[in-house]
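Note that the protein sequences, when read in sequence, are chains V and D.
Position one of the first sequence corresponds to residue 4 (this note's numbering), numbered consecutively onward.
Position one of the second sequence corresponds to residue 60 (this note's numbering), numbered consecutively onward.
Taking it in order: structure first as structure tokens, then the write-up.
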Amino acid sequence: MKRAVALVVIVVVVIAGVFAWKSTHQGYLPVDPKNASAPPNPTTQVIQRGEYLARAGDCVACHTEPTGKLFAGGRAMATPFGAIYVPNITPDDETGIGLWTADDFYRMMHTGLSRDGTLLYPAMPFAQYTKVTRADCDAIFAYLQSLAPVKQKNKPHELRFPFNKRELLLGWRTLYFKEGEYQNDPAQSAQWNRGAYLVEGLGHCTMCHTAINALGGSKESKEFEGGMIPNQNWYAPSLTSNREGGLGDWSLKDIGDLLQVGISMRATVYGPMAEVTYNSLQYMTDEDTAAMAVYLKSLPKKDAEPPPTDAAKLVQPAVMERGRQVYEKQCVMCHHSEGRGYPPEFPPLAGNPSITMATPVNPIRIVLNGGYPPGTRKNPRPHGMPPFAHILNDDEVAAVVTYIRVAWKNAGTPVQAAQVSDLRKLLPE
Amino acid sequence: MRVRHLACALLLIAAPAFAADEDAVPRITDVTTIEARVQGCVTCHGQQGQGTDNGYFPRIAGKPAGYLYNQLVAFRDGTRRYAPMNYLVAYLPDSYLKEMAQFYARQRPPFAPKEAPKGDAALIERGKAIVTAGDGAKQLPACVACHGAGLTGMEPGVPGLVGLRPTYVAAQLTRWRTGERRAADPDCMKRIAMRLTERDVAAVAAYMALQDPPKDASPEAANFVRMPMACGSQR
Chain V
4 MKRAVALVVI VVVVIAGVFA WKSTHQGYLP VDPKNASAPP NPTTQVIQRG
54 EYLARAGDCV ACHTEPTGKL FAGGRAMATP FGAIYVPNIT PDDETGIGLW
104 TADDFYRMMH TGLSRDGTLL YPAMPFAQYT KVTRADCDAI FAYLQSLAPV
154 KQKNKPHELR FPFNKRELLL GWRTLYFKEG EYQNDPAQSA QWNRGAYLVE
204 GLGHCTMCHT AINALGGSKE SKEFEGGMIP NQNWYAPSLT SNREGGLGDW
254 SLKDIGDLLQ VGISMRATVY GPMAEVTYNS LQYMTDEDTA AMAVYLKSLP
304 KKDAEPPPTD AAKLVQPAVM ERGRQVYEKQ CVMCHHSEGR GYPPEFPPLA
354 GNPSITMATP VNPIRIVLNG GYPPGTRKNP RPHGMPPFAH ILNDDEVAAV
404 VTYIRVAWKN AGTPVQAAQV SDLRKLLPE
Chain D
60 MRVRHLACAL LLIAAPAFAA DEDAVPRITD VTTIEARVQG CVTCHGQQGQ
110 GTDNGYFPRI AGKPAGYLYN QLVAFRDGTR RYAPMNYLVA YLPDSYLKEM
160 AQFYARQRPP FAPKEAPKGD AALIERGKAI VTAGDGAKQL PACVACHGAG
210 LTGMEPGVPG LVGLRPTYVA AQLTRWRTGE RRAADPDCMK RIAMRLTERD
260 VAAVAAYMAL QDPPKDASPE AANFVRMPMA CGSQR
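Structural data, given as structure tokens:
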């Protein structure tokens with residue numbers, strides 16, 4: 004029944020999308036040959052700026068295989084709809100973007116249309132990259148063109164029906180895509196606007212930090228309210244709630260450190276966010292990091308859900324005692340008996356929103372699999388947490404995670420052994 | 060400010076998993092030390108890399124730094140696959156992995172007590188033959204020809220095998236045989252493992268488990284002996 008409804012919705016949306024598309028994009032394709040591109044002779048400064056911006060956009064994370072050649076693509080991205088193979092964006096004439104013009108590249112970034120008019124899947128964050136200015140797109144393009152070309156053919160995607168039909172994307176675009184460069188908010192400072200430009204555009208933070216629905220879209224009204232990352236089974240916390248990753252009461256330095264250094268006096272990045280810091284944010288200048296912090300701290304405070312009731316927070320005394328025993332034995336050494344940690348090297352657990360947020364997925368996974376924050380330019384030798392999956396059983400993990408979620412005035416809720424059992428079956432990643 | 064007294068707290072973690080004297084806990088009074096940084100490794104490999112009572116987690120103490128570094132890089136880049144390790148080191152830079160490798164290469168903790176031998180006398184005899192003499196008919200060099208007379212390995216890239224538990228040795232040899240584990244070309248271990256039968260794997264693992272560790276568990280110097288096969292890891 005649900006599927007039938009979804010199908011009807013999809014069909015209606017596609018028809019609406021095609022109609023909307025035709026009415027607004029008459030004669031958009033093919034590229035107008037009279038619209039000549041700027042000659043391809045950018046300065047060193049432009050190319051270096053492009054490299055910096057490409058890092059801000061974290062292009063490398065998807066467009067390079069772990070042991071592959073830089074930007075040669077080929078990496079399989081698991082999505083709920085099947086595997087998407089990321090394309091080669093080296094300047095190879097035959098298999099890459101060697102014959103693209105700056106216009107082609109800008110149109111792709113700005114509208115999500117490839118050079119040949121193909122609609123891109125939103126795994127490419129064009130809904131965010133549309134906010135990037137023409138000058139910045141040109142710089143990124145100049146940088147990519149300056150790299151060594153790699154001849155490596157793109158692999159076809161392996162998406163299930165109906166998601167392998169690109170016409171569907173017209174519907175997706177109607178619902179979730181708003182074309183347009185970032186517009187400065189004159190009521191805000193230049194620093195705030197710079198931060199907003201980076202966070203909303205190249206940073207494409209909303210890709211993870213906004214919940215994704217069954218159609219692979221995210222609602223603007225829910226922006227930055229947090230969401231599960233499909234296929235990775237990590238929870239990207241809300242950046243608006245003070246109870247999750249909400250940054251309202253954080254200092255600007257701690258926000259900036261978390262992004263750029265990977266550790267801070269308040270919390271540490273692990274999992275998918277460690278990747279973002281490692282490949283992208285560690286290379287941001289202090290000025291840009293500070294700007295992003297200013298913008299993130301200013302996000303309006305709103306919570307998707309009300310705080311947990313006292314009844315929901317109730318923990319059986321036996322569970323609490325068991326959790327305390329595990330904590331004393333295994334955790335105290337680095338996290339301190341009062342949960343204060345030894346920050347920034349060993350993060351605090353008391354008052355740490357990553358521990359208490361509504362879904363306990365992240366703390367459970369960290370207890371099971373441990374984790375190392377990324378090695379960054381400002382913290383090249385991070386401190387690690389060991390795995391406990393082979394030492395603690397499901398009841399013990401549930402008890403200790405429950406303990407750290409409610410001890411020391413933490414306002415979390417208890418977790419169940421079944422939740423631990425489910426997460427134990429996943430491969431660490 | 061950065062000096063913090065963790066020593067007392069450290070004792071608490073040491074007690075449950077290991078006999079207290081086996082696992083000499085480093086006196087960490089400073090979170091900036093390498094001992095504090097590698098706490099991410101200790102629940103599987105022990106405080107000094109001596110291993111734990113879990114047979115699948117190897118002793119890493121005293122293995123040549125070059126070998127340990129090659130493994131850490133391979134885990135990070137996914138060319139050696141074991142999800143818990145791949146995840147842990149995914150975002151660590153070369154220089155830090157090298158430092159970790161050098162730290163564990165320096166450690167000389169005591170060896171765990173030997174496990175009771177598994178397998179009959181004929182199996183042990185076959186294992187002894189492969190380890191100490193090789194098998195001419197199969198063009199199989201002796202393990203000791205590269206891994207050292209005391210099986211303590213050779214600098215810079217040949218691992219020590221002494222102190223590894225039979226489950227780990229058998230599991231790794233099987234991975235080499237199936238092509239799941241690889242090393243730099245020319246991959247000598249691949250060529251050797253392909254010449255082993257399943258019984259040979261069990262024999263080697265069983266015989267090695269019976270050997271007493273040498274007094275000095277240090278690896279032999281680089282190119283101490285001329286190796287019978289070309290190995291990419293030694294270049």
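Note that CB positions come from ideal geometry on N, CA and C, so glycine has one too.
Since we're looking at a predicted model, the values are computed, not measured.
- Secondary structure of L199/D (DSSP, three-state): strand.
- In terms of Cα proximity to A315/V, the closest of K332/V, T359/V, A294/V, M295/V is T359/V.
- Apart from sequence neighbours up to five positions away, the residues of its chain that approach K72/V with a beta-carbon distance below 6 Å are V153, ordered along the chain.
- Out of W253/V, T379/V, A214/V, the CA that lies nearest to the CA of T280/V is found in T379/V.
- Counting only Cβ-Cβ distances below 7 Å, Y146/D has contacts in chain V at N372, P431, E432, in chain order.
- Contact check between the stretch 94–109 of chain V and the stretch 183–190 of chain V: fewer than three CB pairs, one atom from each, fall below 8 Å, which does not count as touching.
- At a cut-off of 8 Å between beta-carbon atoms, I358/V makes no contact with chain D.
- Note on geometry: alpha-carbon atoms of K173/D and D271/D lie some 8 Å from one another.
- For the pair K300/V and G342/V, the CB atoms are not nearer than the 8 Å cut-off.
- Per DSSP, the continuous alpha helix (DSSP H) segment holding M336/V begins and ends at 335–338.
- Taking Q419/V as the centre and dropping the five residues before and after it, the same chain places the C-beta of A401 closer than 8 Å to its C-beta, in chain order.
- For a Cβ distance threshold of 8 Å, residue set Q98, G99 of chain D lies close to M388/V, ordered along the chain.
- The Cβ-Cβ distance between P390/V and T111/D does not fall below 8 Å.
- Less than 8 Å divides the Cβ of Y345/V from the Cβ of H339/V.
- With a threshold of 8 Å between beta carbons, Y126/D makes no contact with chain V.
- The closest CA to that of A276/D, considering only G193/D, S154/D, N145/D, L223/D, is found on L223/D.
- Only those residues of the stretch 154–169 of chain D whose C-beta falls short of 8 Å from the nearest C-beta of chain V are listed: S154, Y155, E158.
- Distance from the CA atom of T209/V to the CA atom of F227/V, rounded to whole angstroms, is 6 Å.
- Per DSSP, reduced to three states, the secondary structure at T177/V is helical.
- For G326/V, no beta strand (DSSP E) encloses it; the enclosing alpha helix (DSSP H) starts and ends at 320–329.
- The continuous stretches of beta strand (DSSP E) do not include G178/D, and DSSP gives it neither H nor E.
- Between F84/V and the set Y124/V, T114/V, S117/V, the nearest pair of CA atoms involves Y124/V.
- Straight across, the Cα-Cα distance linking V49/V with Q285/V is about 21 Å.
- Nearest CB-CB separation between C337/V and chain D: below the 8 Å threshold.
- With respect to chain D, the C-beta atom of A277/V has a partner C-beta closer than 8 Å.
- With fewer than 16 other CB atoms across the displayed protein chains lying within 10 angstroms of its CB, S154/D is exposed.
- Under the DSSP assignment, M112/V falls in the alpha helix (DSSP H) whose first and last residues are 105–114.
- DSSP, reduced to helix, strand and coil, places L156/D within a helical segment of the structure shown.
- Against chain D, a Cβ distance below 9 Å from F391/V picks out T102.
- Beta-bridge pairing by DSSP links F283/D to no other residue.
- Interface annotation, P152/D: in contact with chain V, CB-CB separation under 8 Å.
- Listed along the chain, the chain V residues whose CB falls inside 7 Å of the CB of G137/D are P69, T70.
- Here V63/V is near N282/V, since their CB atoms are less than 8 Å apart.
- Taking the CA atoms as reference points, D397/V sits about 10 Å from L426/V.
- Listed along chain D, no residue sits closer than 9 Å to Y179/V by beta-carbon distance, the nearest being about 30 Å off.
- By a beta-carbon distance limit of 8 Å, P431/V contacts Y146/D. Their separation comes to about 4 Å.
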